[in-house]
Amino acid sequence: MQSLVQNHATTHSRDRYVPANETSNTLMKSMQEIKEQYFIQMENYRKKELEDNAKVIEEFIRFCKRKNIILTKDNFNYIQPIGIVAKYPDLLNKLNTGLTKNDEELISCELINKFYSKKSF
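Under our numbering, think of the first position of the sequence shown as 1043, with each following residue one higher.
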C-alpha cells in the first residue's frame, strides 16, 4: 500500500483525493476560461470605447474628407493603452506635408511635438 501511495501523487480537492494530474487539468481549464473571459472583456471594452468616441471619430472623418482623405469607421480602432487610432496609409503626412521622414521612414517625436500638442480633436 505504501508503494502505491508513493507512485501515485494525489491532491486533496473538495474533501476527496484526486490524482495530481486531474487537479492540474482542472486548473488549466480554469486558467483557459479566465484567459477567454479576459479577451472577451477586452473586446467589449474596445467596442465601448469606439462607441463612446463615435462623435469625435465622425468629426475627424469629416475633417479628413475636406482634405480629400476618405476614412470610414473601419479605419478606427481602440488600442490599450494608446487609445483611439486612425489607420490609413501615410495619414500623418497627408494631413501635414511639413513633416519629413527620416532614413527609416519614421517621423521624429520632436518634429511631431513641434507641429502638434496633445488635445482632444
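No residue lacks a Cβ here, since even glycine has one placed at the ideal position from N, Cα and C.
Whole-number beta carbon distance between residue j and residue i, since they are thought to touch under 8 Å
{"i": "A1111", "j": "K1136", "result": "Looking at the sequence provided, one finds Ile at residue 1111 rather than Ala. About 6 Å separates the two Cβ atoms, so the contact holds."}
{"i": "L1134", "j": "I1149", "result": "6 Å"}
Backbone secondary structure at residue i - three-state DSSP
{"i": "N1119", "result": "strand"}
{"i": "I1099", "result": "helix"}
{"i": "I1124", "result": "coil"}
{"i": "T1114", "result": "coil"}
{"i": "N1049", "result": "Because the pLDDT of N1049 is 43, which lies under 50, any placement of that residue in the model is unreliable, and the number read from its coordinates should be weighed accordingly. Three-state result, N1049: helix."}
{"i": "Y1080", "result": "helix"}
{"i": "M1043", "result": "Annotation note: pLDDT 44 at M1043 (below 50); position unreliable, no value reported."}
{"i": "N1135", "result": "helix"}
{"i": "K1156", "result": "helix"}
{"i": "Y1130", "result": "coil"}
{"i": "S1150", "result": "coil"}
Contact under 9 Å by Cβ, residue i with residue j
{"i": "Q1107", "j": "L1092", "result": "It should be pointed out that residue 1107 corresponds to Lys in this sequence rather than to Gln. Their beta carbons are not under 9 Å apart, which means K1107 does not touch L1092 by this criterion."}
{"i": "T1142", "j": "L1153", "result": "yes"}
{"i": "R1088", "j": "N1117", "result": "no"}
Any contact between the stretch 1119–1129 and the stretch 1152–1161? By contact I mean 3 or more CB pairs, one from each, below 8 Å. As far as the Cβ criterion goes, the stretch 1119–1129 does not touch the stretch 1152–1161, which means the pair count is below three.
Using 8 Å as the threshold, is the stretch 1066–1076 in touch with the stretch 1097–1112, meaning 3 or more CB pairs across them? no
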